[in-house]
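Residue numbers (numbering that gives the first Met the number 0): 0 to 445. Cβ atoms here follow ideal geometry from the backbone N, Cα and C, with glycine treated the same way. Take a look at the structure set out below.
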Amino acid sequence: MIKLPEDVKNIIGILEANGYEAFAVGGCVRDTLLFRMPEDWDVTTSAKPEEVKALFSHTIDTGIQHGTVTVMMGKNGYEVTTYRIDGEYEDGRHPKDVTFTANLVEDLKRRDFTINAMAYNERVGLVDEFDGVKDLENKVIRCVGNPRERFKEDALRMLRAVRFAAQLGFTIEEETKEAIRELAPTLAKVSKERIAVELVKTIVSDHPEEIRIAYELGLTKVFMPEFDVAMETVQNNHHHKYTVGEHSIVTMQNIRPDKNLRLVMLLHDLAKPVVLTTDDRGFDHFVGHTQAGADMARGILKRLKFDNATIDYVYRMIRHHDDRPPMDNKALVRRRISQIGLEHMPAMIEIKRADILGQSEYEFESKMGYVDELEKAYKEVIENNHCVNKRDLSVNGSDLIAMGMKPGEEIGVVLDLLFEIVLNDPRLNDREKLLERANKLATPFI
Numbered sequence: 000m001i002k003l004p005e006d007v008k009n010i011i012g013i014l015e016a017n018g019y020e021a022f023a024v025g026g027c028v029r030d031t032l033l034f035r036m037p038e039d040w041d042v043t044t045s046a047k048p049e050e051v052k053a054l055f056s057h058t059i060d061t062g063i064q065h066g067t068v069t070v071m072m073g074k075n076g077y078e079v080t081t082y083r084i085d086g087e088y089e090d091g092r093h094p095k096d097v098t099f100t101a102n103l104v105e106d107l108k109r110r111d112f113t114i115n116a117m118a119y120n121e122r123v124g125l126v127d128e129f130d131g132v133k134d135l136e137n138k139v140i141r142c143v144g145n146p147r148e149r150f151k152e153d154a155l156r157m158l159r160a161v162r163f164a165a166q167l168g169f170t171i172e173e174e175t176k177e178a179i180r181e182l183a184p185t186l187a188k189v190s191k192e193r194i195a196v197e198l199v200k201t202i203v204s205d206h207p208e209e210i211r212i213a214y215e216l217g218l219t220k221v222f223m224p225e226f227d228v229a230m231e232t233v234q235n236n237h238h239h240k241y242t243v244g245e246h247s248i249v250t251m252q253n254i255r256p257d258k259n260l261r262l263v264m265l266l267h268d269l270a271k272p273v274v275l276t277t278d279d280r281g282f283d284h285f286v287g288h289t290q291a292g293a294d295m296a297r298g299i300l301k302r303l304k305f306d307n308a309t310i311d312y313v314y315r316m317i318r319h320h321d322d323r324p325p326m327d328n329k330a331l332v333r334r335r336i337s338q339i340g341l342e343h344m345p346a347m348i349e350i351k352r353a354d355i356l357g358q359s360e361y362e363f364e365s366k367m368g369y370v371d372e373l374e375k376a377y378k379e380v381i382e383n384n385h386c387v388n389k390r391d392l393s394v395n396g397s398d399l400i401a402m403g404m405k406p407g408e409e410i411g412v413v414l415d416l417l418f419e420i421v422l423n424d425p426r427l428n429d430r431e432k433l434l435e436r437a438n439k440l441a442t443p444f445i
């Protein structure tokens with residue numbers, strides 16, 4: 000028995016009272032059967048869009064050309080879509096045209112996977128023409144009908160299969176897998192934005208390791224070939240036991256499911272194949288992989304149309320993820336904290352621990368001990384209110400202008416010098432002391 004939200008019951012009830020069929024459909028039915036909380040509730044109906052609009056006081060034409068109207072119930076919106084049969088998919092995403100139908104099963108036939116092709120209302124019960132319940136029980140992702148046809152209609156469905164496997168802990172059925180392997184190159188015609196959405200949903204799931212399936216089936220080769228190279232690059236040294244790609248997968252599993260953190264772990268070592276050198280003993284080295292990796296990650300995320308804030312964050316964290324300032328040099332430790340950003344230090348500590356957990360057992364205790372010391376140093380900076388950000392200096396540009404300096408680049412130069420002084424000795428972040436230093440530094444510019 001599926002418990003429908005009151006709004007959904009009301010929408011279905013109004014449609015049925017006026018002679019139409021209506022059912023909750025798709026992911027909300029699937030998630031409810033799995034005892035998961037649906038993200039949203041969709042309704043499918045025999046009523047045509049204009050008929051739906053005539054029955055409800057507040058509707059929005061969100062996709063009316065394809066039969067979808069959003070019905071507002073208070074502040075909540077519910078997509079109500081007319082039963083339809085899709086025409087030819089010329090662009091690999093949208094049908095050229097749609098034909099409305101009065102037959103629910105015809106509508107369910109066009110959906111991607113059996114577990115998403117179930118419908119429910121309280122009058123009829125569960126409509127499951129394609130054994131979606133059986134596939135839920137067997138934890139299987141299977142296409143409705145011929146998988147090649149489904150993927151030719153919308154190539155993104157191949158990546159969605161991986162995403163659902165990751166989110167639900169399911170496996171992809173063999174015929175569906177073979178169709179993905181065959182048609183993987185067609186993912187290239189899908190927009191980068193849509194690919195990025197599925198990638199993020201996959202890696203923030205409980206099973207980010209399913210990105211491995213995307214690699215094995217040829218999908219990552221289309222949108223992130225750098226990952227394929229990483230999966231095939233052995234790390235022959237004491238510190239590692241996985242390929243570069245497998246190491247990235249393990250590190251994702253060892254960090255909380257935050258979008259930015261998982262992206263950092265996925266991408267942090269992808270430049271290792273580029274900088275790899277092997278010494279006379281046969282040991283591999285990856286000198287410069289942090290800067291090269293940060294640059295590569297920036298390029299990948301730009302290619303996938305991620306926002307600038309995400310790109311900048313991932314770049315910063317990858318650039319510094321392997322920093323190891325000597326703990327007996329407090330000034331250098333503060334400088335590194337400043338470069339990373341005080342607000343980013345807790346995440347950086349998580350990143351470092353996840354990185355170590357993806358390595359070999361060689362010097363494991365020593366490496367983890369170092370991160371513990373770094374965390375302690377970070378906490379000391381917080382507790383002692385040490386200045387590790389230039390905006391926290393006890394003097395600012397206005398003070399230098401009042402001293403007689405002219406506005407311009409020189410003010411920034413002097414503030415940078417004062418900041419270096421404070422990083423070396425936090426006790427000097429005192430207004431009078433800094434003004435005295437500033438007066439000497441500013442003399443050539445006055």
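(message) Check this for me: beta carbons of valine 203 and leucine 155, under 9 Å apart or not?
(response) 9 Å or more divides the Cβ of valine 203 from the Cβ of leucine 155.
(message) Does aspartate 311 come out as helix, strand or coil in the three-state DSSP assignment?
(response) helix
(message) Taking DSSP's pairing of strands, which residues face alanine 21 in a bridge?
(response) Thr44
(request) Below 7 Å CB to CB, which residues in the same chain sit around arginine 302 once its five sequence neighbours on both sides are set aside? (result) Lys191
(message) Mapping the DSSP letters down to three states, classify cysteine 27 as helix, strand or coil.
(response) helix
(message) If you reduce the DSSP assignment to three classes, tell me which class tyrosine 77 lands in.
(response) strand
(message) For isoleucine 336, count the other beta carbons within 10 Å of its own beta carbon; 16 or more makes it buried, fewer makes it exposed. Which is it?
(response) Of the other Cβ atoms in all chains shown, 16 or more fall within 10 Å of the Cβ of isoleucine 336; this residue is therefore buried.
(request) Please classify tyrosine 361: is it buried, with 16 or more other beta-carbons within 10 angstroms of its beta-carbon, or exposed? (result) exposed
(message) I need the straight-line Cα distance from tyrosine 314 to glycine 298, nearest angstrom please.
(response) 10 Å
(message) Quick check: glycine 357 and tyrosine 241, are their CB atoms within less than 9 Å of each other?
(response) yes
(message) Give me the residue from Arg122, Pro184, Asn115, Glu136 with the minimum Cα distance to alanine 160.
(response) Asn115
(request) Have a look at Phe150, Val332, Gly168, Glu197 and flag the residue whose alpha-carbon is nearest the alpha-carbon of threonine 175. (result) Phe150
(message) Let me make sure I understand the geometry here. Which of Asp321, Arg83, Asn236, Lys200 has the alpha-carbon closest to that of proline 256?
(response) Lys200
(message) Please report the straight-line C-alpha distance between aspartate 447 and histidine 343, rounded to a whole angstrom.
(response) No answer is possible for residue 447: it lies beyond the span of the chain, which begins at 0 and ends at 445.
(message) So, at 7 Å on beta carbons, what are the nonlocal neighbours of histidine 239 in its own chain, with the 5 sequence-adjacent residues on each side left out?
(response) His246, Gln358, Ser359
(message) I need the DSSP call for methionine 0, collapsed to helix, strand or coil.
(response) coil
(request) Pull up the distance between the alpha-carbon of asparagine 17 and that of methionine 71, whole angstroms please. (result) 18 Å
(message) Counting C-beta neighbours from all protein chains within 10 Å, is the total for glycine 292 16 or more, i.e. buried, or is it exposed?
(response) buried
(request) Determine the direct distance from the alpha carbon of phenylalanine 363 to that of proline 324, and round the result to whole angstroms. (result) C-alpha separation (whole angstroms): 18 Å.
(request) Give me the Cβ distance between valine 42 and isoleucine 11, rounded to the nearest whole Å; I'm assuming they're in contact under 8 Å. (result) With 8 Å as the limit, valine 42 and isoleucine 11 qualify as a contact, their Cβ atoms being about 6 Å apart.
(message) Given a cut-off of 9 Å on the beta-carbon distance, is the pair asparagine 75 and aspartate 6 in contact?
(response) yes
(request) Report the rounded CA-to-CA distance for glycine 407 versus alanine 401, giving the unit in angstroms. (result) 14 Å
(message) Which of the three DSSP states is assigned to glycine 62 in this structure?
(response) strand
(request) Tell me whether isoleucine 212 is buried or exposed, calling it buried when 16 or more other Cβ atoms sit within 10 Å of its Cβ. (result) buried
(request) Drop a sphere of 10 angstroms on the beta-carbon of methionine 36, count the other beta-carbons inside from all chains shown, and report buried for 16 or more, exposed for fewer. (result) exposed
(message) Would isoleucine 84 and threonine 69 be called neighbours here (beta carbons separated by less than 9 Å)?
(response) no
(request) Just the C-alpha distance for lysine 446 and proline 425, rounded to the nearest angstrom, thanks. (result) Absent from the model: residue 446. The displayed extent of the chain is 0 to 445, so no value can be given.
(request) Quick one: using the 10 Å Cβ neighbour count with 16 as the cut-off for buried, is phenylalanine 112 buried or exposed? (result) buried
(message) Based on DSSP bridge pairs, tell me the residues matched to valine 126.
(response) Ala118
(request) Can you say whether histidine 267 is buried or exposed, counting buried as having 16 or more other CB atoms within 10 angstroms of its CB? (result) buried
(request) Look at the alpha carbon of tyrosine 312 and the alpha carbon of histidine 320, and state the distance between them as a whole number of angstroms. (result) 12 Å
(request) Measure the alpha-carbon distance for leucine 125 versus aspartate 371 and round it to whole angstroms. (result) 54 Å
(request) Select from Val286, Leu167, Val196 the residue whose C-alpha is nearest the C-alpha of aspartate 30. (result) Answer by Cα proximity: Leu167.
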